[in-house]
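Residue numbers (my numbering), protein chains in the order written: chain A, 1 to 199; chain B, 200 to 398; chain C, 399 to 597; chain D, 598 to 796; chain E, 797 to 995; chain F, 996 to 1194.
Beta carbons are placed, not taken as given, at the ideal position from N, Cα and C, and that holds for glycine.
These figures come from a predicted structure and were not determined experimentally.
6 protein chains.
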Amino acid sequence: MTQRILVVNPNSNERVTGEIAAAVTCLRIAGGPIIDCATLAEGPPGIETQVHVDMVVEPLLRLAQRESNGTSAFVIACFSDPGLYSLREALDMPVFGIAESGFSLALTKGERFGIISILRRSIPRHRRYVASLGLGARLAGDRAIEMGVSALGQADLVGCAGMARYRKALQDRLGIPVVDPVQAAVGLAQLTLQLEAQA
Amino acid sequence: MTQRILVVNPNSNERVTGEIAAAVTCLRIAGGPIIDCATLAEGPPGIETQVHVDMVVEPLLRLAQRESNGTSAFVIACFSDPGLYSLREALDMPVFGIAESGFSLALTKGERFGIISILRRSIPRHRRYVASLGLGARLAGDRAIEMGVSALGQADLVGCAGMARYRKALQDRLGIPVVDPVQAAVGLAQLTLQLEAQA
Amino acid sequence: MTQRILVVNPNSNERVTGEIAAAVTCLRIAGGPIIDCATLAEGPPGIETQVHVDMVVEPLLRLAQRESNGTSAFVIACFSDPGLYSLREALDMPVFGIAESGFSLALTKGERFGIISILRRSIPRHRRYVASLGLGARLAGDRAIEMGVSALGQADLVGCAGMARYRKALQDRLGIPVVDPVQAAVGLAQLTLQLEAQA
Amino acid sequence: MTQRILVVNPNSNERVTGEIAAAVTCLRIAGGPIIDCATLAEGPPGIETQVHVDMVVEPLLRLAQRESNGTSAFVIACFSDPGLYSLREALDMPVFGIAESGFSLALTKGERFGIISILRRSIPRHRRYVASLGLGARLAGDRAIEMGVSALGQADLVGCAGMARYRKALQDRLGIPVVDPVQAAVGLAQLTLQLEAQA
Amino acid sequence: MTQRILVVNPNSNERVTGEIAAAVTCLRIAGGPIIDCATLAEGPPGIETQVHVDMVVEPLLRLAQRESNGTSAFVIACFSDPGLYSLREALDMPVFGIAESGFSLALTKGERFGIISILRRSIPRHRRYVASLGLGARLAGDRAIEMGVSALGQADLVGCAGMARYRKALQDRLGIPVVDPVQAAVGLAQLTLQLEAQA
Amino acid sequence: MTQRILVVNPNSNERVTGEIAAAVTCLRIAGGPIIDCATLAEGPPGIETQVHVDMVVEPLLRLAQRESNGTSAFVIACFSDPGLYSLREALDMPVFGIAESGFSLALTKGERFGIISILRRSIPRHRRYVASLGLGARLAGDRAIEMGVSALGQADLVGCAGMARYRKALQDRLGIPVVDPVQAAVGLAQLTLQLEAQA
């Protein structure tokens, strides 16, 4: 049976979902898992606060359970990894958060990693999360561009889980590897499915 | 105007709330803040999983916002500190989680602290939280008694946020200080209010 | 029997003791423990060096033992926590250092804490202490105002253990919680006594 | 042009290389990069000591440079990641070590990871490496099965970089995710190539 | 002018001082610094508690200042390094504590170091100290032999700062390097003097 | 029999070896171990990259084994400590790396240590090494002077393992202790031999 990775954008901004879908196109493999990208209708227009983060967990969990039947792996496409541990607990399939996945992939690319954040007020939240993952010694810094997700949507720039289109340009400009967290998570999901499918 | 500390038991077990109220009786001060203990009607009978933790944040936040008018400080009486950062962000008052408060008070009592947990499966969750707080080096260990909150309620023992009645006995038996996290949080809330009330 | 918290200023500057007493006035509770503030006559005018810190331990310990009979809890009101572990070992009552207590209370107020120091040369001493407490990951920084305790006494500013009168103004100005370590320690002492008095 | 991942077994045991090739079969994608597995002729029969580790770097580097023309990514298939930083410095392509890759993938699977080692004497070497990666807080333990690589080859078990065939059985038996480091590294190499190939 | 290293045993047990002197005999160099070993008359018979540690700082400092004129380096021969930072601050010469020196030398001998303690109650004190030095990740363990210094004196074994005579036997028995902290400190003092004497 | 410390400069620059020999002159003791300084003929003119580091391990090991008969202790005189663990494993004598030794000695001189590096690109390598040693909390910083070893040789300044002649001047200028890592390593080697020679 065909496998399917379900990538959920926990904000309700369809444009962000579109960017996410575009970002993972390059990962689609003939004969490989289907990669579906969905929008969490109940999500806020952008996830910019801790309250936003916490409030999407319930609808996200409901969506995941509703979809669990035809789904082989689940990706939470928001850099705060909302509900990651709940979904892992509740679902009988691998679940990936884009922040955790992005950090994991970045660990193989250089001595330390930095974070490009949307808003400054997210930085303490990121720092707590990085600390909880035991990765504090690898974090070089965290810089915010200070544009809200809505502003990003009006500009031609679509935010935290939809920045993949800037990855290459940034990487060339900076001369260091740049990881897009959505691509990291979907890639790790795909890898995990390939390995589990093995006889 | 009289100040008020609202202590919310995020599970729906009224007996646990009763134990919480009993635990903080000794902290009531004539002329000091009122200490009210409430039950989160929407909560599960016991908070035993990550899903339980995440699912109570929304009703907890709604309750806190509903009650915010006559409230001076808020205490989340569950050892997983559900919603702590969301409530801090959303409310214009000090918010205390019983785990964080218990750890903080314990830091002044000895070189390292241990945790008595209800269920073994909570231990990784605790460990992540202690790590996110940067307190890993002070954690001596975490032992579970392996009784669910419901079982605890049927026995004469009322669980995580309602174990204060065993504090003294344990302390005498072990010969080391034992901290009840609910008492720690309410005490720190009270202290904070006293200091903020200062001209 | 009435309980009593003895707060000792380990420098011999009575004006600092006066500031300490003023700082804890707001914590006095009708029917609660008496809070007495004493000056260590043998102390130097200000505790500004490691030698000062180490030299006050002996007279502090003697004072504490002399006073132990009518005392329920002891507070060492100097930000270097001189003699904290000795007094804990020698006295059969809870002992609080204002630095440790200040850090503990600060942990419940935000993601990281900073220190306002009197003199730059104290910073390595603080850093060692914070490291020994395992709290290095929570320390955001340490800034010195570079005024000796004596200079502070001649100005209208009375130093490390007597800065409480500036707390509120600083907090309003900075827009983040400011903790006065003397108030933190006396508050934690009071909380501990309330809890231990419980039947 | 077709991309190619070159996986080099730094020991000279062809049977181990055969196991490596078998391990990554499931990762081959129609139209995806070729995955070639090579044996380092100059390597020792098994890499069991620090001297073995250090001595293979030079021939490994020579092989990598010789092969660099038609190669898109390089995988060092020995759990000590010999020469990882040298190859990254010398080659103009992504280089993966199986230990680093295995740790990175494992970080997305659970709270902590453990290591199954061949020989006890490798454990301090692993611990130093995990520390240098800043991952010490995530390491649960390291257990050795105490069979040399040669012994492993004579049994039907082919060692550190060739244990993939036991992954599934171990995972089912233990009830926790088991990561094969060769598969992790080749998977991350493939993912990286897919992403870099993106227009 | 001849240089002189003054090694002070901060307990008043002359037998321990004799052992210390014997321990450093092998370090004496013709034409090198004189190594004098002194007993702190005001010290307790053994330094077994935090109070003992703190109480010897003042007489130790007085002794050091009295002797500073003809002294080039100072060694504090007690494993709690009493007064180390005070003496460093007050004296214009290098000061060595035997614990800090022992740890430093041990770092060059293996992946982690262990501590053989006299009494179990010293272990939390050691752990705090190791943490304050930032060396926690290198500490393998701390085992107490549970004999007080006086008991050790009556047996043929002379305690924390006088165990050098057992070093070799232990090392041979255990098959791992064993460091005597007094020898480490005096050796490092001597090395430092040699280097500072350099034109 | 006379003991001998063999100090090997792993780059092939004889001038650096000359500087090393000059640096350790002050450590020679009448009747003490002979200190011989040798140049690794197979080494590159300067060790400036990870490849240089890894490539010298094999000839260094061969040299060490060839010389092991008349040698009592071995010092690797390059700040990247190439081959340290291999030589420790392969030789039946104490082996010292100058970086590890320099850090160890520096730990006894102040609260934190800094590193003066030759080239900026070495800093991540240093940071990984310091992390692997568990000393990250003691590292204050790492500054590069940005001159290659060859450039240093043409100037009157002879590089990483040959900077001892600047130690004193730097120390006086900065007002803090400055450690030359070659001197630290040879001093620790000498101390270790003295102690092992003890009956």
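Glycine 937(E): member of the beta strand (DSSP E) spanning 935-940, first to last residue.
At a C-beta separation below 7 Å, glycine 136(A) has these neighbours in chain C: Ala535. Annotation for arginine 800(E): the continuous beta strand (DSSP E) segment containing it runs 800-805.
Listed along chain F, the residues sitting closer than 7 Å to glutamine 647(D) by beta-carbon distance are Tyr1080, Ser1081, Glu1084.
At a cut-off of 7 Å, the C-beta of aspartate 371(B) has no neighbouring C-beta in chain A. Residue range 294-296 is occupied by the beta strand (DSSP E) that includes phenylalanine 295(B). In terms of beta-carbon proximity, glutamine 202(B) stays away from the interface with chain C, with every pair separated by 7 Å or more. Isoleucine 5(A) is positioned such that its CB atom lies closer than 7 Å to that of alanine 73(A). In this structure, DSSP gives isoleucine 1029(F) an extended state, which the three-state scheme calls strand. Contact with chain F is found for proline 522(C), since one of that chain's Cβ atoms lies less than 7 Å from the residue's Cβ. In this structure cysteine 822(E) is not in contact with alanine 1164(F), their Cβ atoms being roughly 34 Å apart against a cut-off of 8 Å. At a cut-off of 7 Å, the C-beta of glutamine 581(C) has a neighbouring C-beta in chain B. If you keep only unbroken beta strand (DSSP E) runs of at least 3 residues inside the segment 46-85 of chain A, you get 73-76. A direct Cα-Cα distance of roughly 18 Å separates leucine 195(A) from phenylalanine 710(D). Judged by pairs of C-beta atoms under 8 Å, the segment 1166-1185 of chain F touches the segment 1089-1099 of chain F, as three or more such pairs exist. Comparing alpha carbon positions, the residue from Ala737(D), Ser719(D), Val727(D), Ala734(D) closest to glutamate 743(D) is Ser719(D). The beta carbon of methionine 851(E) falls within 7 Å of a beta carbon belonging to chain C, placing the residue at that interface. For isoleucine 1111(F), the enclosing beta strand (DSSP E) begins and ends at 1108-1112. Threonine 307(B) sits in coil when the DSSP states are folded into three classes, being neither helix nor strand. Taking 8 Å as the upper bound for CB-CB distance, phenylalanine 494(C) and alanine 583(C) are in contact here, some 4 Å apart. Taking a beta-carbon distance threshold of 7 Å, glutamine 463(C) does not count as an interface residue toward chain B.
Apart from sequence neighbours up to five positions away, the residues of its chain that approach glutamine 1166(F) with a beta-carbon distance below 7 Å are Pro1172, Val1173, ordered along the chain. Distances from the CA of alanine 189(A) to each of Asp678(D), Lys706(D), Ile712(D), Arg740(D) were compared; the closest alpha carbon is that of Lys706(D). Scanning its chain for C-beta atoms nearer than 7 Å, with the 5 sequence neighbours on each side dropped, one finds around arginine 366(B) the residues Val377, Asp379, in chain order. Residues of the same chain with a CB within less than 7 Å of the CB of arginine 523(C), apart from the 5 flanking positions on each side, are Gln448, Ser478 in chain order. A direct Cα-to-Cα measurement between glycine 481(C) and glutamate 213(B) gives close to 46 Å.
Under the Cβ distance rule, alanine 428(C) counts among the residues neighbouring chain B, one pair being separated by less than 7 Å. The Cβ of glycine 539(C) sits no closer than 7 Å to any Cβ of chain B. Threonine 835(E) is bridged by DSSP to Asn805(E). Boundaries of the alpha helix (DSSP H) harbouring tyrosine 1124(F): 1118-1127, taken from the DSSP string. Within its own chain, the residues whose Cβ lies closer than 7 Å to the Cβ of glycine 1027(F), once the five positions on either side in sequence are excluded, are Gln1185, listed in chain order.
The C-beta of glutamate 310(B) comes closer than 7 Å to at least one C-beta of chain E. Interface with chain F (7 Å Cβ-Cβ cutoff): glycine 910(E) is excluded.
For proline 778(D), the enclosing alpha helix (DSSP H) covers residues 778-794. What arginine 127(A) touches in chain C, judged by beta-carbon distance under 7 Å, is Glu509, going in chain order.
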